[in-house]
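S.K.: Right, I'll just put the structure down here and ask away after.
Protein chains in written order, with my numbering: chain A, 1 to 151; chain B, 152 to 251.
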């Protein structure tokens, strides 16, 4: 059964009125202000001009300031944000990373299940050896018994 | 050609929706989304005035703001993750202490 959204008037009324009042004030200011006609870019290549402006190169057809320093600063900020996000997201317990088991190894198995698989394969080999030994002994015993019975 | 007032109206509407979200929501993810709405409202203003005055500075600025918004979201989601680990919830009103 689908439910339609309902208006929560209780705790949302005052913030809603604040936002609405701000919009009304802004709209009144914008609609009563007078602007000249837009100059536009006159068919100039905008994307290329943005590239020239971003790297502070001459050659852009549309006037703009140079933004090379700002570009480098944003680069550093993005790297810092990446490092901060990784630092915040990793889980550490007693200096050891937790959650590494979810890293996928080859074959799509997680690291833990791969280790388990390797361990179980070793165990299986050992079991197979033991089984063969027992069965060969049993086979030898049964052959001796058969020889004795025949004699 | 659309007059610049209508771009400003659109921008004001988006900004107010973002403000409403920030004032009412408790979920940290909705907080981040609301901040994005407000940043994009500023972007619309910059691009509109860039077209109005025939100068590309506003458009380049809007690109930088987009990059900063990406950085902000990366750190914000990291904080939301830590919030969930420490408090078992992403309700921002529950994180009222500075305890580790």
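A virtual CB, placed ideally from N, CA and C, is assigned to each residue, including glycine. None of these values were measured; they are calculated from a predicted model.
Thinking just about the alpha-carbon of each residue, which of B/157, B/191, B/154, B/159 is nearest to the one in residue 169 of chain B?
M.R.: From the listed residues B/157, B/191, B/154, B/159, the smallest Cα separation to residue 169 of chain B is found for B/191.
S.K.: List the DSSP bridge partners of residue 178 of chain B.
M.R.: Per DSSP, the beta bridge partners of residue 178 of chain B are B/242.
S.K.: Can the beta-carbon of residue 227 of chain B be found less than 9 Å from the beta-carbon of residue 86 of chain A?
M.R.: no
S.K.: Quick one: which chain B residues come within Cβ less than 7 Å of residue 65 of chain A?
M.R.: Chain B residues near residue 65 of chain A: 208.
S.K.: In or out: residue 129 of chain A buried (at least 16 other Cβ within 10 Å) or exposed?
M.R.: With a pLDDT of 48 at residue 129 of chain A, under the threshold of 50, the predicted position of this residue should be treated as unreliable, and no value is reported.
S.K.: Using a Cβ-Cβ cutoff of less than 8 Å, which residues in the same chain neighbour residue 162 of chain B once the five nearest sequence positions on both sides are dropped?
M.R.: 192, 193, 195, 196, 199
S.K.: Please report the distance separating the alpha-carbon of residue 89 of chain A from that of residue 174 of chain B.
M.R.: 27 Å
S.K.: Could you give the DSSP three-state label for residue 223 of chain B: helix, strand or coil?
M.R.: DSSP, read as helix, strand or coil, puts residue 223 of chain B in helix.
S.K.: CB residue 205 of chain B to CB residue 35 of chain A, shorter than 9 Å?
M.R.: no
S.K.: Using a C-beta to C-beta distance shorter than 8 Å, which residues of chain A count as neighbours of residue 219 of chain B?
M.R.: 74, 77
S.K.: So which residues of chain B does residue 9 of chain A contact, with C-beta pairs closer than 7 Å?
M.R.: Those do not exist, as residue 9 of chain A stays about 11 Å from chain B at its closest Cβ, beyond 7 Å.
S.K.: Measuring straight from C-alpha to C-alpha, what distance separates residue 9 of chain A and residue 243 of chain B?
M.R.: 21 Å
S.K.: Does any CB atom of chain B fall closer than 9 Å to the CB of residue 80 of chain A?
M.R.: yes
S.K.: Using only the alpha-carbon positions, how far apart do residue 31 of chain A and residue 202 of chain B sit?
M.R.: Roughly 18 Å separates the two Cα atoms.
S.K.: Excluding the five sequence neighbours on either side, which residues of its own chain have a C-beta within less than 8 Å of the C-beta of residue 210 of chain B, listed in chain order?
M.R.: 197, 198, 201
S.K.: Thinking C-beta only, is residue 172 of chain B closer than 9 Å to residue 159 of chain B?
M.R.: no
S.K.: Start and end of the alpha helix (DSSP H) containing residue 14 of chain A?
M.R.: 13-32
S.K.: Please decide whether residue 229 of chain B counts as near chain A, where near means a Cβ-Cβ distance under 9 Å.
M.R.: yes
S.K.: Is residue 19 of chain A closer than 9 Å to residue 105 of chain B when the C-beta atoms are compared?
M.R.: Lying before the first or after the last residue shown, residue 105 of chain B is absent from chain B, which here runs from 152 to 251.
S.K.: Would you mind sorting residue 131 of chain A into buried or exposed? The rule is 16 or more other CB atoms within 10 Å of its CB.
M.R.: Caution is warranted here: a pLDDT of 46 is assigned to residue 131 of chain A, below 50, making its placement in the model unreliable, and no coordinate value can be reported.
S.K.: Between residue 54 of chain A and the rest of its own chain, which residues show a CB-CB distance below 6 Å, the 5 nearest in sequence each way excluded?
M.R.: 67, 71
S.K.: By Cβ distance below 7 Å, which residues in the same chain neighbour residue 220 of chain B in space, the five residues on each side in sequence not counted?
M.R.: 187, 190
S.K.: Cutting at 6 Å between CB atoms, please list the residues of its own chain near residue 60 of chain A, excluding the five before and the five after it.
M.R.: 49, 52, 53
S.K.: Terminal residues of the continuous alpha helix (DSSP H) containing residue 71 of chain A?
M.R.: 68-89
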